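K.L.:
Sharing a structure, written as structure tokens. Questions coming.
Protein chains: 2
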Amino acid sequence: MAAPAGKSIREGSAQKRSAILLAARALFLSDGFDRTSMDLVAAEAGVSKRTVYDYYGDKRTLLAAVVDHTVEALSTAVQRAIDENLVVVPDAAQLEHALVSFAESITVSAIGSSDYAALMRLLYTEATNLPETRSMAWNAEEPEDAVATRFAAFDRDGLLHAPDPRLAADHFVALTISPLTSSLGVVGAEVDEHRVIVEGVRAFLRAYRPF
Amino acid sequence: MAAPAGKSIREGSAQKRSAILLAARALFLSDGFDRTSMDLVAAEAGVSKRTVYDYYGDKRTLLAAVVDHTVEALSTAVQRAIDENLVVVPDAAQLEHALVSFAESITVSAIGSSDYAALMRLLYTEATNLPETRSMAWNAEEPEDAVATRFAAFDRDGLLHAPDPRLAADHFVALTISPLTSSLGVVGAEVDEHRVIVEGVRAFLRAYRPF
DNA sequence: GCTACACTACACCGTGCAGTGTAGTTACGA
DNA sequence: TCGTAACTACACTGCACGGTGTAGTGTAGC
Numbered sequence: 001m002a003a004p005a006g007k008s009i010r011e012g013s014a015q016k017r018s019a020i021l022l023a024a025r026a027l028f029l030s031d032g033f034d035r036t037s038m039d040l041v042a043a044e045a046g047v048s049k050r051t052v053y054d055y056y057g058d059k060r061t062l063l064a065a066v067v068d069h070t071v072e073a074l075s076t077a078v079q080r081a082i083d084e085n086l087v088v089v090p091d092a093a094q095l096e097h098a099l100v101s102f103a104e105s106i107t108v109s110a111i112g113s114s115d116y117a118a119l120m121r122l123l124y125t126e127a128t129n130l131p132e133t134r135s136m137a138w139n140a141e142e143p144e145d146a147v148a149t150r151f152a153a154f155d156r157d158g159l160l161h162a163p164d165p166r167l168a169a170d171h172f173v174a175l176t177i178s179p180l181t182s183s184l185g186v187v188g189a190e191v192d193e194h195r196v197i198v199e200g201v202r203a204f205l206r207a208y209r210p211f
Numbered sequence: 001m002a003a004p005a006g007k008s009i010r011e012g013s014a015q016k017r018s019a020i021l022l023a024a025r026a027l028f029l030s031d032g033f034d035r036t037s038m039d040l041v042a043a044e045a046g047v048s049k050r051t052v053y054d055y056y057g058d059k060r061t062l063l064a065a066v067v068d069h070t071v072e073a074l075s076t077a078v079q080r081a082i083d084e085n086l087v088v089v090p091d092a093a094q095l096e097h098a099l100v101s102f103a104e105s106i107t108v109s110a111i112g113s114s115d116y117a118a119l120m121r122l123l124y125t126e127a128t129n130l131p132e133t134r135s136m137a138w139n140a141e142e143p144e145d146a147v148a149t150r151f152a153a154f155d156r157d158g159l160l161h162a163p164d165p166r167l168a169a170d171h172f173v174a175l176t177i178s179p180l181t182s183s184l185g186v187v188g189a190e191v192d193e194h195r196v197i198v199e200g201v202r203a204f205l206r207a208y209r210p211f
């Protein structure tokens, strides 16, 4: 499509790899692993089924690749949301607003259409289909640790009373993000995302405000 | 086995129905819907496959029955936990202990071996396999409403400051029960359930304690 | 033009599984 | 003792799907 301007070596290869991964991701997350056929993945990726098998050896390996990719995307999205919303902390008065922006940034951009929840389901349900190392290695630890690190800084600055930053991060996620990711995906849920986040942040601040 | 002492009419029938339901429940929750074969359900229930199909028409109907049964069991267990731990509220000093007992009662007895989490996964993942009415009708609303009703009473008694009892109930569940149900099921998770609940209750009380 | 390579199209195999049909066995009530 | 209903054992169908093998096509470098 676009003029390569560089070496065209292996470019088509990378494109196809990505197309397959994206198609598999969308299908696995929406329909589930078992109900997604490799024929459909190939068709959705605009690629022959044989190519799918040439790139990724079998279905389980493809799943592992999808999981890795999604976890990584989530992790970087969370980190960016932290950088954009929580690094410059003006004063206690604006902490609530900053936290709301942070939570909303994650729920809308990173998680998008409740990908996070779908991924969780996928991981727990399909845990037996993944090489053991992978299913325990990640466990969403990284994003929460990043939040915890930030909260530790808030504690030092007197904006938060969080002697156990990791626990505070867990509670923050539980109050703001988890309710959204778990309720979505069900028909007719129709929750007010903004209200959930605002009320979650307020409850969090009542519990973790210093003094 | 035991002497009937009454009419033996239809007893075998009810026994078999139950055996099938239990076997299906265990298998669906542990292995997932798609990966559970009807032959295995029949074998596990000690019943011929034909009988399974005579009792429940097809696999989806069996799933619906399992969901109904589990939701109902959960609902009654929550109600009983409320009755046993939260009806007699001595004073504010013992509220923390009462709430901890309540949360632990749910996580250990009702939810048992993280059945709740597995059910959730099952519901979200297999939502397309259920008649639409069922997947929206329940949505764990009933148990949370029961908790909300109790919290409203606490608010009237001055034990809690919960102007929106339902929101408080959501936050309570998010802080104490949800973390456990979602982290379990993964290998090597090994969380300290008691600590999670105690810390969750404390954070909740910091956020909802009056004055 | 030739070779090498990436890819497609397509046929194909084996298997597991939902669901059915049925003959035979057991138990029980009249 | 007979009839009936519940249940089992088992064979069987149809199908979807994971995975493979291969012949053929387009493309790029030499």
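Which chain is which? The protein sequence lines are A and B, in order. Sequential numbering of the first sequence, starting at 1, is according to the UniProt record's numbering. Sequential numbering of the second sequence, starting at 1, is according to the UniProt record's numbering. By construction, the Cβ of each residue, glycine as well, lies at the ideal position given by its N, Cα and C atoms. A quick note: this is a predicted structure, and the numbers were derived from the prediction, not measured.
1. Would you give the residue range spanned by the alpha helix (DSSP H) that Asp-145 of chain A belongs to?
2. Using 10 angstroms around the beta-carbon of Gly-46 of chain A, count the other beta-carbons present and answer buried if the total reaches 16, otherwise exposed.
3. Let me know the secondary structure DSSP gives Asp-192 of chain A once reduced to three states.
4. Return no unless some Cβ of chain A is closer than 8 Å to the Cβ of Pro-179 of chain B.
5. Using DSSP with H/G/I as helix, E/B as strand and the rest coil, what is Tyr-56 of chain A?
6. Indicate the three-state DSSP secondary structure (helix, strand or coil) for Ser-178 of chain B in the structure shown.
7. Kindly list, in the order they appear in chain B, the residues whose Cβ is closer than 8 Å to that of Arg-150 of chain A.
8. Of all the residues that make up the stretch 83-103 of chain B, which are near chain A by a beta-carbon distance shorter than 7 Å?
9. On the DSSP letters alone, give me the boundaries of the alpha helix (DSSP H) that Ser-43 of chain B sits inside.
10. Return the CA-CA distance between Val-71 of chain B and Leu-27 of chain A, expressed in angstroms with no decimal places.
11. Nearest by alpha-carbon distance to Asp-155 of chain A: which of A:Glu-144, A:Thr-181, A:Glu-126 and A:Arg-209 is it?
12. Just the chain B side, please: which residues come within less than 7 Å of Arg-206 of chain A by C-beta, in chain order?
13. Tell me the DSSP secondary structure of Gly-32 of chain A in three-state form.
14. Determine which residues of the UniProt domain "HTH tetR-type" (14-74) of chain B have a Cβ less than 9 Å from any Cβ of chain A, and write them out in chain order.
15. Are at least three pairs of beta-carbons, each pair with one atom in the stretch 81-90 of chain A and one in the stretch 53-62 of chain A, less than 8 Å apart?
16. Using a Cβ-Cβ cut-off of 8 Å, state whether His-194 of chain B counts as contacting chain A.
17. So, helix, strand or coil for Ser-48 of chain A, using DSSP?
18. Would you tell me roughly how many angstroms separate the C-alpha atoms of Gly-200 of chain A and Ala-73 of chain B, rounded to the nearest one?
19. Nearest CA to the CA of Ala-14 of chain A: which residue from A:Val-52, A:Pro-165 and A:Asp-34?
20. If you drop the 5 nearest sequence neighbours on each side, which residues of the same chain put their C-beta closer than 6 Å to that of Ala-148 of chain A?
21. Can you find a C-beta in chain A that's less than 8 Å from the C-beta of Ala-174 of chain B?
22. Relative to chain B, which residues along the stretch 155-171 of chain A have a C-beta separation below 7 Å, given in chain order?
23. In whole angstroms, what separates the C-alpha of Ala-65 of chain B from that of Met-38 of chain B?
24. Between Glu-142 of chain B and chain A, is there a C-beta pair that is closer than 8 Å?
25. For Ala-203 of chain B, go through chain A and note every residue whose CB falls closer than 7 Å to its CB, in chain order.
26. Beta carbon of Val-173 of chain A, beta carbon of Glu-144 of chain A: below 8 Å?
27. Leaving aside the five residues before and after Lys-49 of chain A along the sequence, list all residues of the same chain whose C-beta is less than 7 Å from its C-beta, in chain order.
P.N.:
Reading it off the structure:
1. Counting along the chain, the alpha helix (DSSP H) containing Asp-145 of chain A begins and ends at 141-157.
2. Around the beta carbon of Gly-46 of chain A, a 10 Å sphere encloses fewer than 16 other beta carbons of the protein chains shown; the residue is thus reported as exposed.
3. Three-state DSSP puts Asp-192 of chain A in coil, outside helix and strand.
4. Cβ-Cβ to chain A under 8 Å: yes for Pro-179 of chain B.
5. In this structure, DSSP gives Tyr-56 of chain A a state outside helix and strand, which the three-state scheme calls coil.
6. Three-state result, Ser-178 of chain B: helix.
7. Chain B residues near Arg-150 of chain A: none, gap ~18 Å exceeds 8 Å.
8. Result list empty, no residue passes.
9. One detail in the question is off: residue 43 of chain B reads as Ala in this sequence, not Ser. Ala-43 of chain B: member of the alpha helix (DSSP H) spanning 38-45, first to last residue.
10. Rounded to the nearest whole angstrom, the C-alpha separation of Val-71 of chain B and Leu-27 of chain A is 28 Å.
11. Across the set A:Glu-144, A:Thr-181, A:Glu-126 and A:Arg-209, the C-alpha of A:Arg-209 shows the shortest separation from the C-alpha of Asp-155 of chain A.
12. Here the neighbours are Arg-206 and Ala-207.
13. Gly-32 of chain A falls in the coil class under three-state DSSP.
14. Sequence-ordered contacts of the UniProt domain "HTH tetR-type" (14-74) of chain B with chain A read Asp-31, Gly-32, Phe-33, Asp-34 and Arg-35 [C-beta pairs closer than 9 Å].
15. Because the criterion of three Cβ pairs below 8 Å is not met, the stretch 81-90 of chain A and the stretch 53-62 of chain A do not touch.
16. False, the Cβ-Cβ gap to chain A never drops below 8 Å.
17. It is coil, neither helix nor strand.
18. As the crow flies, the alpha-carbon of Gly-200 of chain A is around 29 Å from that of Ala-73 of chain B.
19. Just measuring C-alpha positions, the residue of A:Val-52, A:Pro-165 and A:Asp-34 sitting nearest Ala-14 of chain A is A:Val-52.
20. Pro-165, Arg-166 and Ala-169, listed in sequence order.
21. Put simply, the CB of Ala-174 of chain B is near chain A, with a gap under 8 Å to one of its CB atoms.
22. Listed in sequence order: Leu-167, Asp-170 and His-171.
23. Each residue's alpha carbon lies about 14 Å from the other.
24. Not one chain A Cβ lies under 8 Å of Glu-142 of chain B.
25. Simply His-171 and Ala-207.
26. The answer is yes: Cβ separation under 8 Å.
27. Around Lys-49 of chain A: Met-38, Asp-39 and Ala-42.
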